[in-house]
Structures are given as C-alpha cells and as structure tokens.
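Here is the structure we will look at, set down as structure tokens.
Numbering (the working numbering), first residue to last: 68 to 755.
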C-alpha cells in the first residue's frame, strides 16, 4: 500500500511538472535547448543577437529547441478534432534592445509561437515571420507579438508600435509603443529603436480567452495597466498541440542589431521574473561612452575636415558622391558606388538585361547579402534623367504593394544616377506578348507565349496596383507610362508595375495636374493631354485601356502599314473600335490563344479597353470600377456599351483613306508590324 501511495504521488508530481512547464534565461552565456537560424548569434558577454550591424535584408531566428504542448488533452489541436480543444494558459517575459546605425532602423522583432522554425520566411517588412505567398493564410497557425520599427503602408499604423499578429502581418490590434505610469496616471511614449533596454510581458488566459501585452523600460516595475488587452481571443483556432516558441527579427536596408537580453516562459503559470541584477551586457553604456567621445571629437573632426577640403578641393576623388536635402527627407537607403560596381562586375556588358530611353538596366548580386537585384543606370549628366531619378526615389521608395516593383535604394556618383530595385527574373510582359521582341540569346526566348488565363491574371494585378496608386496610398500617384514593357514578371509570372520615371505625386483631392510638356509613349497618351496638357488619374486609365487591348490582341498600340501608296499609321484603339462596330471584334483576339480562352472574359477585357480609352474623359471608369468589373463584383451596364458608339474614331488612318474593310484586313492579315512610334516620331494630328 505504501508503494502505491509513493507511486501515485510521484505520478502526480510528474504530471504537474509537465502541465506547468517553463524555463528562464538570465542572459545567454548558456544556450542549451536553443536553436538558431539566419544570422542569429550570441555575443561574448551573453547577449542573444538576432541580427547585427553587418547585415542588410537579413533574417534572424531563435527558438526553444523542443516543441511545447499547448493543450491539456494531447489529442486536441487547432484542426482535425471534433471535440472542443482545451488550450492551456501561458506567460512569457523578455528584455530586448534595438540598436540601429541610422534612422529609420531595420525592421523590428517579434515573440512568436509557430508550428515550424520559419525557415521559408523573408526579411524586410515580413519580419522573418511570413513570405509573399503565405502572408495572411489561416493555415500558417502563427501567433506573434511584433515590436515594429518601420511603417509599412499595407500593414502598419506607424513606425514605432506593438501589435498582435495572427497568421499575417496585419495586426488584429496594435498601439504606438508606450507604457502606463502611476506618476501622472497616463501613458508615456517609448522609442523601440532607441537602444534602451525594455521589458515585455505577454500573458494569455486559456480559460478566459484573454490576452494582455505590457511593455516598459527594463528598470521600471511592470505597469498594472497593459498596453494591449484582447478579450474573447480564442487561440485554440490558431495554435496546434505542439508548437515552437521563440523570436524572429529582420533588417532591411539599414544595418540594425536586435538583442534579446533575458527570457522567461511558463505554461499554466506566471513566467518567472528575470534577475535584473544579472549583467545583461546592455549596449546602453557603450552608446553613452560613444556619445561622450563623439561630442569631443566631432568639433576636432569638423575642423580637420574643413582644412582638408581646402587643401584637396581641386583633387579628383574616386568615389565622390553628392547628397542633397531631398535625399535626407525621403530616407531611402543609399548604396555606395563601389558596392554596385562589384555587384555588376564593373557594369559589364554581359550583365545588361535591358535598355531604355534614359540608360541601361543591369543584373547584379550585392556582395554582402548575395541578394539578386536590378540596377538602373540613368544617362550621365542628363537633366531629364535627374528629374526621372528623383521621381522614382520619391515614389517607388515609399510605395509598398504586391503589384509594384520595390525599390531597395539608390546611388549617386558625380553625374551618374543609379536605382537599385528587386530583380524579377522573367523580365517584362512585352517579351511574352510579342515573342519576336525577344533576342536570340534571351533566357526566355524558348518560352511559349502567355495563355489567356495567365494574361487575365496579369491584367487584374496591374489594375490592383493602379488602384493603390490612385486611391489607397497617402498621395495620389499618376504613373504616366502604363504599358506592357513597364510590367515586370516574377518567377511565378505575377505582375509588378515599374518604371516610375515619369510619375507625378499629388495630395488627395487634387483634380487635374498641368504638365510642362507631353510625356509618355505614343499610342498610350490620352488625347486630352495633346489638347490641354493636363495629366490626371484619367490619363492613366486611358493608357490602361490601351494596355488591355494590347494584352488581348497581341498587337502593339500603333500599327504600321507599308504598301505602294506609302506608310500609314493605324491606332490599335481605332482598329478594335472599328471591328467592334463592324461586328468582327473576335478577329482582333490574339491568334496564339487558338480556342483556349474564356470568351466572356476576353469580351469583357476588350469592352473595358475601349471604355477606358474613350475620348470623353467623363465616360471613362475609375480604376476602382475597373477592378470591380474584372473581379465580377460589378457588371458593365448597357449605357457603358452605348457609350462606345459615341467615341470618335476618325484618326489619321481614316483621313488617309483607309476604310472599314481595310482595317478588318489589317486585323487578320500578316502584313501588320508593330511599332511604338509613328514614322516621323510625332503624334498624328487626328489621333482621337
């Protein structure tokens, strides 16, 4: 009997230990039971460093090595169980510090509970938690508390906040970083990237389904009022039975060190308090000493610099770079010329992947991060090139959308202007719509033309990007050069609109924008720009309409006919409209589709293309309406179809004696060749 009592007591203690599992790290000189990935390491003085000041666009992870059970019944889980899961309570606290070499800093860190150790995640705005394909997917089963130091337009409220993320970067609740203090009975602001050590408490009550998140400077007692409090948060729909707990962090273009200085975690209980008397090795004292040293040395350095600048003012410096006020205002990362020179093998001819009106585009691999990038080199000493360069810095540098090319940074060296942006391996859409434009040596020269399903997906992606530019960003962005050659494709053939060299930014509420001269590509320029020199979102809609016709027909916006009578220019818009009125619109469909296309979809695209390129701006839809039509959320009205009957058609092609029959023969004949300009390089006077 005594034996059974001892056995029962031992079993009870064992079960109690299992049900209240926990651990504590007062510093990280002993890193047993921890696993690292990415660039995470431990400094000699015991600081867990998720990222460091030597890396850009990198990810760092640290997880407790063994998965932890989050259900009292081991058969319970977030999926595949008909009974109600019984999720346990948990509590964690940790001390962190973020030390950046610049403002803005790099991206932030997060406490995370995940079913895996997140090996497939991305840096930058993804925080090492997600990637561009799974962000927002409920199958992720990821819970995170983010300490975000960069504002991403799509997901964040500001550049210094604490948020609760479930399966995606759009926080279910977020607040600017601050802590409650009894001294004044209110909140006091915190700067997450100040380099100061701060403590976070995350506590979840499984029975009440209540989560609280509290933050404070590490030498301040835990405030009794949390920063975030979520009631009725059922994590049983998120967490699986066995999950990993740890931290994730990422940098972008600014080198930043993200430190964890101590960590405690507990299942079914309160996390053990950290021993704040232990030597955490917080970087704060070193920063103070550095501040004192700089306050003494800076005046001396300034004096020496002035003297040297006078002595060597006439000497030519190899990597002299000019910094202007606007560069500091917009804060986009600046690369060194030497770094980009190495990335492109000295801007060798073999690395050129494209040429435009203002210079070449090179493929490059950044020497530090080994990230593949595209580098646009704007024409040397070009005044218009400088305008284009600044436009791209201001616009792309702050835009964040899955269908817009992301700018990583820039470089200026004397008169040379360089933009560094994400590399999209499939190149421009133009190469797939017009396979003849591919060079014999092109990587994709043997790839078949895009089918209709792929093209329709691309159309909707570009439309989504334009809705963001026109309505959803903090400014109104008029692209002014929407066309197939400016739509780039990633490895999965997802579209991204790029080349913002002609873009213009305005405050919301601005109706029209006068321009000094007409810019854009022939065939895509709205007729009102020729008449009055006015740019607006409607002129982008016009260009998008031509783009729709271009993608559906496989024909360029300006068609050139050569015969015994001479050379004649025919506009694609007029060609499609004449076939529409003649009842032969199916003749303009790209013959490469064969019979493999959705007739209703392609008819919708052709109608929308004509409506968007209507000569009357009042009859053109907005991009918001266009995306509703494309997604099937709204239907074209009969009045929209009748509007096509009022559109002008007599362009220069008609005035030179080309009749409807001629246009129809051009549509199906083999004599048409594409051109992006008329023979004399001017806009025909009769253009719509």
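From the three backbone atoms N, C-alpha and C, an ideal C-beta is built for every residue, glycine too.
This structure is a prediction, so every number in the text was calculated from the model and none was measured.
Boundaries (first-last residue) of the alpha helix (DSSP H) holding residue i
i: residue 263; result: Taken as a continuous stretch (DSSP letters only), residue 263 belongs to no alpha helix (DSSP H), as it is neither H nor E.
i: residue 404; result: 404 to 410
i: residue 499; result: 497 to 500
i: residue 656; result: Premise fails: residue 656 is in no alpha helix (DSSP H) and is neither H nor E.
i: residue 531; result: 519 to 534
i: residue 676; result: 666 to 679
i: residue 694; result: 690 to 698
Under 8 Å between C-beta atoms of residue i and residue j
i: residue 610; j: residue 591; result: yes
i: residue 217; j: residue 246; result: no
i: residue 589; j: residue 491; result: no
i: residue 563; j: residue 614; result: no
i: residue 158; j: residue 336; result: yes
i: residue 175; j: residue 214; result: yes
i: residue 318; j: residue 173; result: yes
i: residue 306; j: residue 131; result: no
i: residue 593; j: residue 604; result: no
i: residue 473; j: residue 489; result: yes
i: residue 626; j: residue 540; result: no
i: residue 122; j: residue 409; result: no
i: residue 444; j: residue 485; result: yes
i: residue 103; j: residue 328; result: no
i: residue 686; j: residue 710; result: yes
i: residue 31; j: residue 586; result: The chain is shown only over 68 to 755; residue 31 falls outside these bounds and no answer can be derived.
i: residue 436; j: residue 168; result: no
i: residue 259; j: residue 286; result: no
i: residue 189; j: residue 315; result: no
i: residue 703; j: residue 696; result: yes
i: residue 210; j: residue 302; result: yes
i: residue 135; j: residue 334; result: yes
i: residue 295; j: residue 280; result: yes
i: residue 406; j: residue 434; result: yes
Boundaries of the beta strand (DSSP E) in which residue i is found, first to last residue
i: residue 240; result: 240 to 243
i: residue 330; result: 323 to 334
i: residue 555; result: 554 to 556
i: residue 488; result: 483 to 489
i: residue 545; result: 543 to 545
i: residue 256; result: 253 to 256
i: residue 478; result: 474 to 480
i: residue 92; result: 89 to 92
i: residue 165; result: 157 to 167
i: residue 430; result: 426 to 432
i: residue 229; result: 228 to 233
i: residue 212; result: 210 to 215
i: residue 440; result: 439 to 445
i: residue 203; result: From DSSP, residue 203 is part of no beta strand (DSSP E); its letter is neither H nor E.
i: residue 179; result: 175 to 181
CB-CB length for residue i against residue j, believed under 8 Å
i: residue 204; j: residue 187; result: That pair is no contact at about 12 Å.
i: residue 100; j: residue 182; result: In fact, because the Cβ distance is near 19 Å, the residues do not count as touching under 8 Å.
i: residue 608; j: residue 690; result: 6 Å
i: residue 269; j: residue 178; result: 6 Å
i: residue 673; j: residue 693; result: Rounded, the Cβ-Cβ distance is 13 Å, inconsistent with contact.
i: residue 676; j: residue 612; result: 5 Å
i: residue 476; j: residue 575; result: That belief does not hold up - the Cβ atoms of residue 476 and residue 575 are roughly 28 Å apart, past 8 Å.
i: residue 212; j: residue 239; result: 11 Å between Cβ atoms; not a contact.
i: residue 290; j: residue 248; result: 7 Å
i: residue 339; j: residue 91; result: 5 Å
i: residue 51; j: residue 161; result: Given a span of 68 to 755 for the chain in the structure shown, any question on residue 51 remains unanswerable.
Residue i: CB within 7 Å of a non-hydrogen atom of the ligand ATP
i: residue 475; result: The ligand ATP is not part of this structure, which contains no ligands at all.
Chain B contact for residue i (CB, 8 Å cutoff)
i: residue 603; result: The structure shown contains no chain B; it holds only a single protein chain.
Practice task
Only counting runs of 3 or more residues, tell me where the beta strand (DSSP E) segments fall wholly within the stretch 559 to 646, in order along the chain.
Solution key: With a minimum length of 3 residues, the unbroken runs of beta strand (DSSP E) contained wholly in the stretch 559 to 646 fall at 562 to 564, 571 to 573, 625 to 630 and 633 to 638.
Exercise for the section: Mind listing, in chain order, the continuous beta strand (DSSP E) runs of no fewer than 3 residues lying wholly within the stretch 270 to 330? Expected result: Runs of the beta strand (DSSP E) lying entirely within the stretch 270 to 330, each at least 3 residues long, are 277 to 284, 295 to 297 and 309 to 317 in chain order.
Problem - Three CB pairs or more closer than 8 Å across the stretch 98 to 107 and the stretch 116 to 123 - result: The answer is yes - the stretch 116 to 123 touches the stretch 98 to 107, with three or more Cβ pairs under 8 Å.
Exercise for the section: Would you be able to state if there are at least three C-beta pairs under 8 Å between the stretch 615 to 628 and the stretch 648 to 661? Expected result: Yes, they touch.
Practice task
Flag this pair as touching only if the stretch 524 to 535 and the stretch 568 to 576 have three or more C-beta atom pairs under 8 Å; answer yes or no.
Solution key: Segment contact: the stretch 524 to 535 against the stretch 568 to 576, fewer than three CB-CB distances shorter than 8 Å; contact not assigned.
Handout entry: Minimum length 3: unbroken beta strand (DSSP E) runs contained in the stretch 113 to 137
Key = As far as the stretch 113 to 137 is concerned, its whole beta strand (DSSP E) runs of at least 3 residues are 115 to 118 and 126 to 131.
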